Structure formats: C-alpha cells, structure tokens
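Participant: Got a structure here, written out as structure tokens. Questions coming.
Numbering (UniProt numbering), first residue to last: 1 to 367.
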C-alpha cells in the first residue's frame, strides 16, 4: 500500500487539488475496496503514518461478556474476555484494530481499487469546480460560444466547463454565433445527476448591470460608491440607485464619468440600454421622487407599501414613460407600488392659457 501514498501527491498536483482532500477521498476508496474484498459487514479505517505509509484496518468494538449484541453481531463486537486474550490492557468501549492487506489479493482487488479511486477523485474535482463557480454567482465571466441549439440557447466555454446562456437570459435582439466572445454574469450554479455541474449565465439580470458598473467605475469597485439597488427592462432601460460613503465623492458624477464615458461603456455592452442613475435616500419620499425622474413630482404620500405620487398633468407622460417603462422601473427600484394622482393643469400653464384668452379677446372682442 505504500505506492498509494506516492500517487496522492501526483493526483493533487495534476488536478490542482488540496492534498488533504485527496487523502480523504483515497481513504474512502480504500474502505470501499475493503468492503468488496473482505465483506460489507465490517467496520474499516485507513491511516497514513509519518512515513507516508497507508494502512488499512478492520475495527471491532469491545463489549461486556454478557452483551446481547454479541449473539446478533459478532463481526462488529468482541467480548472483553476474548479481547484481553489479544491485548490485556483493553477496556469496554475500546476498539481493536486488525491490519489488513490489499497487496496480495490479486487483479480483482486492484481493479476495484482503481475504479474507486477514479470515482472519488472525479467527485472531488467536480465538488471543487461547483464550489468555485457557486462562490462566483453575480460575477462577470468571459467565454467563447461553442454551440447554439435549435431553441437558441447559447453554450459558452469558460475555463473548466461549458456554461449555458438560455434564450430568456439574452437581451432582446442579440444574436450570437460560434466563435463569438460573450460577457455575462453567473446567475445560478447547480449539480445535475445526468449532466454534472451546470452553470447558467445571464445578460438580463440586474446583477449583470451591477457587475458591469463595478468593472467600469473604480469608485464602485473600491467601495467608495455603493449600488443600493438596480432595476432593468433588458435592452430598453434601467435605473440604478447609488450612495456614497464619503461627502467628497459624487456618486452620480463618478458613475456617469466625464462626458458620460463610463455609463456609455456600460450601456454599449447592454445593447445600448438607457441607464438612469439616481442618488439613493433612506427617506422613501425623497427616494421615490428621485426614482420618478425625469418627471417633476409635487408630493409623495406613503400608505404602507403604496406610494401615491401627485403631479401636474404635463408631467404625467414623463412619469409613466413609454409603455409604462418609467413608472415600472421606479417601482422595481424603490420596492413601492406607485399610484399617480393628477393635480390638473399647472399654474404656469393656466397663466399661459389666460394670457392667450386675453390676447384673443383683444383681437376679436367678446363674441
């Protein structure tokens, strides 16, 4: 069994695995092999000594001479009297261990051990890959398109595995071909019994927008600016709520960049999605007022999770936005159901109307 200890280091180096993890999997493989060779009814243990020699043991628990378990199971239990014939110093509850050998058991044992090792090391590799990508959820990855199926799901090669960008996670209007390099965020990681590890990517998630902003804006990446929340209607428009940890940092100006260079770079990656950046406030009335931009709001009344937004007639179309997009995004961003209350025509508009009426009367008189 000494050769196995040499294999452990080579496996760990070849697969880039922790040597202690490999040891544990090798122990499992040896125990399973022992069960095949010596029987499944025994307890086994594996130890690696200071000389890196691996030894396999069969374990038996010492019980009192009149213990009922001796009649039912003499494979896992041994009487105190019998045990002291082997080692006079043992007590009830101790375990006797017998060293076993797999070296001279022939080809069958060697084949079994080889299969067990292969299986357990492969599971370890998969566990490590799963753990790696599971911790990367919400992060951006790059990859090359290797296949697009008939349902328009895009398969992307990223390092150790092939990830999938489902059609529903693709921005409307985007078309990818084999060989294209695609940037996306890891949305979900799960293990499938038949397909193995499956990594789902997304270009429509708000987390993709967050990750792009983090990559483009150093102040966000450094933690000077915090993305409090974001909302998207992919490929059309998005809203992002930002706050600063220091009064010296302007969250809006830093994120937009000089002449809009930073926010435009993010928008381009999102298929020219329009991005509104607003300053976050812990005060709901202020936050909702800002989120409704570009509409000018007269007042906001909070009723539970509903916000009643009052505004004059000429601001209503801006508040709603094309196909209701502005009010939907504001609601998603703030977490409030938003209801608009029309205050009618503004005083400036009324004054303009009155002036026009007077002018008409001066020209044509009272009819």
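Just so you know, even glycine gets a beta-carbon here, dropped at the ideal spot from N, CA and C.
Computed from a prediction, not measured in an experiment: that's the story for all the values here.
Going by DSSP, name the residue or residues bridged to residue 58.
Facilitator: Beta-bridge pairing links residue 58 to 44 and 98.
Participant: Taking the straight line between their C-alpha atoms, what separation do you get for residue 323 and residue 262?
Facilitator: Rounded to whole angstroms, residue 323 to residue 262 spans 28 Å at the Cα level.
Participant: For residue 210, report the span of its alpha helix (DSSP H) as first-last.
Facilitator: Run containing residue 210: 206-216, per the alpha helix (DSSP H) assignment.
Participant: I need the straight-line Cα distance from residue 331 to residue 217, nearest angstrom please.
Facilitator: So the two alpha carbons sit approximately 26 Å from each other.
Participant: Are the stretch 152-171 and the stretch 193-206 in contact at 8 Å, needing three or more beta carbon pairs?
Facilitator: Segments in contact, yes.
Participant: Can you tell me the Cα-Cα spacing of residue 69 and residue 91, whole angstroms?
Facilitator: Straight-line Cα distance between these residues: approximately 17 Å.
Participant: Short check: CB of residue 235 to CB of residue 269, under 8 Å?
Facilitator: Going by C-beta atoms, residue 235 is not nearer than 8 Å to residue 269.
Participant: Of all the CB atoms in chain C, is at least one closer than 8 Å to the CB of residue 147?
Facilitator: As a matter of chain content, chain C is missing from the structure shown, which is built from one protein chain.
Participant: Taking only runs that begin and end inside the stretch 148-233, name each unbroken beta strand (DSSP E) of 3 or more residues, in chain order.
Facilitator: You should have 154-158, 161-165, 181-192, 196-202 and 225-233.
Participant: In whole angstroms, what separates the C-alpha of residue 170 from that of residue 202?
Facilitator: Approximately 7 Å, taken between the alpha carbons.
Participant: Let me make sure I understand the geometry here. Which of 122, 43 and 178 has the alpha-carbon closest to that of residue 145?
Facilitator: With distances taken between Cα atoms, residue 145 lies closest to 178.
Participant: Does DSSP classify residue 1 as helix, strand or coil?
Facilitator: In this prediction, residue 1 scores a pLDDT of 49, lower than 50, which makes its location untrustworthy; no coordinate-derived value is stated.
Participant: With a CB to CB cut of under 6 Å and the five nearest residues on each side skipped, what residues in its chain are close to residue 47?
Facilitator: Counting only Cβ-Cβ distances below 6 Å, and skipping sequence neighbours, we find 55.
Participant: Along the alpha helix (DSSP H) that carries residue 83, what are the first and last residues, could you check?
Facilitator: Here the alpha helix (DSSP H) through residue 83 covers 80-86.
Participant: Kindly indicate which three-state DSSP category residue 323 falls into: helix, strand or coil?
Facilitator: Helix, per DSSP.
Participant: Quick check: the stretch 333-345 against the stretch 293-313, are at least 3 beta-carbon pairs closer than 8 Å?
Facilitator: These segments touch.
Participant: Give the range of the beta strand (DSSP E) segment to which residue 309 is assigned.
Facilitator: Taken as a continuous stretch (DSSP letters only), the beta strand (DSSP E) holding residue 309 covers 306-311.
Participant: Ignore the nearest five residues each way along the sequence and tell me which others in residue 95's own chain have a CB closer than 6 Å to its CB.
Facilitator: These residues qualify, in order along the chain: 59 and 61.
Participant: I'd like the span of the alpha helix (DSSP H) that includes residue 338, first residue to last.
Facilitator: Unbroken run through residue 338 is the beta strand (DSSP E), 337-342; no alpha helix (DSSP H).
Participant: Assess, as a yes-or-no matter, whether the stretch 4-18 is touched by the stretch 120-137 under the definition of 3 or more beta carbon pairs within less than 8 Å.
Facilitator: Yes, the stretch 120-137 is in contact with the stretch 4-18.
Participant: If you check the beta carbons only, do residue 249 and residue 240 fall under 8 Å apart?
Facilitator: Cβ distance not < 8 Å, so residue 249 and residue 240 don't count as in contact.
Participant: Let me make sure I understand the geometry here. Which of 80, 259 and 341 has the alpha-carbon closest to that of residue 66?
Facilitator: Looking at the Cα atoms, 80 is the closest of the given residues.
Participant: What three-state label does DSSP hand residue 295 in the structure shown?
Facilitator: Coil, per DSSP.
Participant: Under the DSSP definition of a beta bridge, which residues are partnered with residue 237?
Facilitator: Per DSSP, 233 and 274.
Participant: Distance, Cα to Cα, residue 156 vs residue 264?
Facilitator: Computed Cα separation, rounded: 26 Å.
Participant: Report yes if the CB atom of residue 294 is closer than 8 Å to the CB atom of residue 316, and no otherwise.
Facilitator: No, the pair does not count as a contact, with Cβ atoms beyond the cut-off.
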